[in-house]
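Asks: Position in the sequence shown (first residue = 1) + 85 = my numbering.
Even glycine gets a Cβ: it sits at the ideal position worked out from N, Cα and C.
For clarity, every value in this text was computed on a predicted model and none was experimentally measured.
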Amino acid sequence: MDIWKYSRGEWAESVFDWPDLMDFEDALQRNGYSRGAAINFPEDGDFIEVYPKLGTEGIAPCMVAVCLDASSNDFIQTDDLPSLIMLLKDLAPIVSAYETGVMSELAQKSFRIWHGHSHRLICQECDPIGYEQLQKARSARKRGKQ
Ligand SMILES: [Zn+2]
């Protein structure tokens with residue numbers, strides 16, 4: 086876990102005060118951020134959470150919790166809205182790749198339930214054109230060996 090500061094494209098060490106063994110939400114409150122009021126991106130996920138600073142309007146300055154490995158969080162402080170927007174823009178391709186991975190995994194699991202085999206298996210019932218092409222390729226290889 087790391088804590089960084091991001092200000093309009095510039096990265097620096099954070100001055101976030103987080104004593105050992107203190108719960109993250111308690112540390113947020115200690116540093117002046119709202120506790121338990123995260124805005125999530127994507128909406129139903131836990132990938133990026135934005136905690137606004139207490140007593141300010143809008144969502145900046147804020148602390149951004151980012152989960153890049155599905156298990157642990159890293160934290161980024163942003164001072165103002167432009168910094169937050171720039172950070173979210175920088176993270177967008179990572180979020181997109183993550184979401185695509187989630188959708189792909191879901192589709193593969195669904196396919197296995199519906200068809201009883203992996204989506205990678207070329208099956209005569211599910212993929213008649215692919216199956217025909219596979220048979221032609223196998224025949225061509227056999228002819229080549231003779
Ligand atoms: Zn099949």
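Using a Cβ-based criterion (distance less than 7 Å to any ligand heavy atom), does E210 qualify as near ligand 1?
Replies: For ligand 1, at least one heavy atom lies less than 7 Å from the Cβ of E210.
Asks: Looking at the strands, I want to know which residues DSSP matches up with E95.
Replies: Answer is S92, bridged to E95.
Asks: Can you tell me whether P137 is buried or exposed? The criterion is at least 16 other CB atoms within 10 Å of its CB, across all chains shown.
Replies: P137 is buried by the Cβ-count criterion.
Asks: Report the residue from S181, S189, I88, S203 whose alpha carbon sits nearest the alpha carbon of N116.
Replies: Ranking the options by Cα distance to N116, first place goes to I88.
Asks: Reducing DSSP to helix, strand and coil, say where V151 ends up.
Replies: In the structure shown, V151 sits in a strand (DSSP, three-state: E or B).
Asks: Could you pull out every residue in the same chain whose Cβ sits closer than 6 Å to the Cβ of S99, ignoring the five residues on either side in sequence?
Replies: Counting only Cβ-Cβ distances below 6 Å, and skipping sequence neighbours, we find I88, W89, K90, Q162.
Asks: Suppose the cutoff is 7 Å on Cβ atoms and the five residues either side in sequence are ignored; what does the same chain contact list for Y183 look like?
Replies: Answer for Y183: F132, listed in chain order.
Asks: If I follow the unbroken beta strand (DSSP E) through I133, where does it start and stop?
Replies: Start and end: 133–137.
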